[in-house]
C-alpha cells in the first residue's frame with residue numbers, strides 16, 4: 314500500500330507505504346495500534362455495560378498541543394503495525410467478546426486501510442468513527458455505509474485558537490463541513506431499547522480553560538446547524554494539563570467551576586437537551602488506558 318497522501322485536510326503530500334512513515338501524522342500506510350480492548354471511558358450510549366470494543370491508533374493529523382493521548386498521538390514507534398487482515402480480526406474478536414460497538418479512535422490518517430478492513434465485513438454491531446473532526450468531506454464520503462456512528466470533536470469555533478493550539482486555522486469551517494457530511498450519511502440519531510447508540514452523530518466539545526467564547530461558539534454551531542433532537546452533544550470538562558505546556562500558560566490549569574456551570578447553562582438555553590455534560594471531577598487521568606499493546610497481535 315504505497316501512495317502520496319492527501320486524505321486529511323493537511324494534504325501534505327507525504328509518501329506513505331507499509332513501512333515508511335511520513336507527513337504530519339508521522340505514520341505509515343498500514344495502521345499502528347496501541348491497544349484493542351473493551352473501554353468504558355466513552356459516553357454511556359457508546360460504552361454501555363460491556364464496554365466499547367476500542368481500537369486506539371497511533372499518530373494523528375491534528376496534533377493538539379494539549380492532547381491527553383500524546384503518548385501515542387505524536388507518531389513514531391508507538392504501537393504495533395498490523396495488516397488489514399489483522400485489523401479485521403481484531404474487530405471480530407472484540408465483537409465476539411461482547412463489545413457493544415467497534416470504536417475506532419483517531420482513525421483518520423489510516424482511512425484507506427480501515428476502509429478496506431470494513432468493506433464486506435458483517436459485524437452486527439455499530440462501527441464508531443471516533444475522530445478529531447478535522448476531516449476531508451471527500452474522504453468521509455468514501456466511508457458511507459461502512460460507519461454507523463460518528464463521534465467527532467468540534468474543538469474550535471475560534472480560528473485563532475485552532476491555529477495556536479493545533480496549527481489548523483481552517484479547523485472551524487472544515488470540521489463543520491465534515492460533521493454536516495457525517496449527519497448526511499447517518500441522519501438523526503437512533504438508540505436501541507437499552508439506550509445504546511445504533512446510528513447517528515454524537516458531537517463532543519472539550520472546554521479549554523479561559524476559552525468561554527470558543528465553547529459558546531461550538532454550542533452555537535451545533536444548535537444552529539441541526540434540528541432539535543437530531544444529534545447528540547457532549548460537553549466535556551475533563552481537560553487535564555499535561556507536561557510540556559510552558560509555552561502555553563493559559564493551558565496550565567483546569568477548567569474552573571464557574572466556567573463549567575456557565576457553559577452548561579448556555580447549552581441548555583440553546584436547546585441542546587440530548588446528550589451529556591461532565592462534572593469537574595471528571596478531570597483526571599484515570600480514564601486514559603494503558604497503551605501497552607493489549608489485544609494487538611504480535612507481528
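Numbering (the numbering used here), first residue to last: 314 to 612. Yeah, the Cβ is synthetic: ideal placement off N, Cα and C, and Gly gets one too. Values in this document were obtained by computation on a predicted structure and should not be read as measured data.
Have a look at residue i and residue j and give me their C-alpha separation to the nearest angstrom.
i           : j           : result
residue 416 : residue 539 : 24 Å
residue 367 : residue 608 : 10 Å
residue 469 : residue 516 : 12 Å
residue 307 : residue 545 : As shown, the chain starts at 314 and ends at 612. That puts residue 307 outside it, with no answer to give.
residue 612 : residue 343 : 12 Å
residue 534 : residue 435 : 35 Å
residue 376 : residue 504 : 32 Å
residue 458 : residue 439 : 11 Å
residue 543 : residue 508 : 15 Å
residue 466 : residue 372 : 17 Å
residue 485 : residue 519 : 14 Å
residue 409 : residue 524 : 43 Å
residue 471 : residue 442 : 24 Å
residue 317 : residue 341 : 11 Å
residue 554 : residue 522 : 10 Å
residue 452 : residue 420 : 12 Å
residue 325 : residue 493 : 24 Å
residue 541 : residue 569 : 29 Å
residue 602 : residue 411 : 19 Å
residue 351 : residue 444 : 18 Å
If residue i sits next to residue j, beta carbons under 8 Å apart, how far is it from one beta carbon to the other, in whole angstroms?
i           : j           : result
residue 315 : residue 334 : That belief does not hold up - the Cβ atoms of residue 315 and residue 334 are roughly 13 Å apart, past 8 Å.
residue 391 : residue 399 : Not really, about 17 Å apart at Cβ, beyond 8 Å.
residue 397 : residue 426 : 5 Å
residue 360 : residue 354 : 7 Å
residue 380 : residue 386 : 5 Å
If you reduce the DSSP assignment to three classes, tell me which class residue i lands in.
i           : result
residue 328 : strand
residue 318 : strand
residue 409 : helix
residue 460 : coil
residue 570 : helix
residue 348 : strand
residue 589 : strand
residue 609 : coil
residue 337 : coil
residue 357 : helix
residue 594 : helix
residue 439 : coil
residue 465 : strand
Would the C-beta of residue i count as close to the ligand ZN, meaning under 7 Å from any of its heavy atoms?
i           : result
residue 471 : Of ligands this structure carries none, so the ligand ZN is not represented either.
Item to check | Ranges of the beta strand (DSSP E) found wholly within the stretch 474-551, counting only runs of at least 3 | outcome: 510-519, 545-549
Checklist entry - Is the stretch 320-330 in contact with the stretch 556-564, if contact means three or more CB pairs nearer than 8 Å? => result no
Checklist entry - Using 8 Å as the threshold, is the stretch 506-522 in touch with the stretch 488-498, meaning 3 or more CB pairs across them? => result yes
Next on the checklist: Quick check on the DSSP output: what are the complete beta strand (DSSP E) runs of length 3 or more inside the stretch 360-429, in order along the chain?
Outcome noted: Given a length threshold of 3 residues, each whole run of the beta strand (DSSP E) inside the stretch 360-429 is given here in chain order: 365-370, 415-418.
Next on the checklist: Is it the case that the stretch 470-485 contacts the stretch 542-558, given that we only count it when at least three CB pairs across the two stretches are under 8 Å?
Outcome noted: The stretch 542-558 vs the stretch 470-485: no contact.
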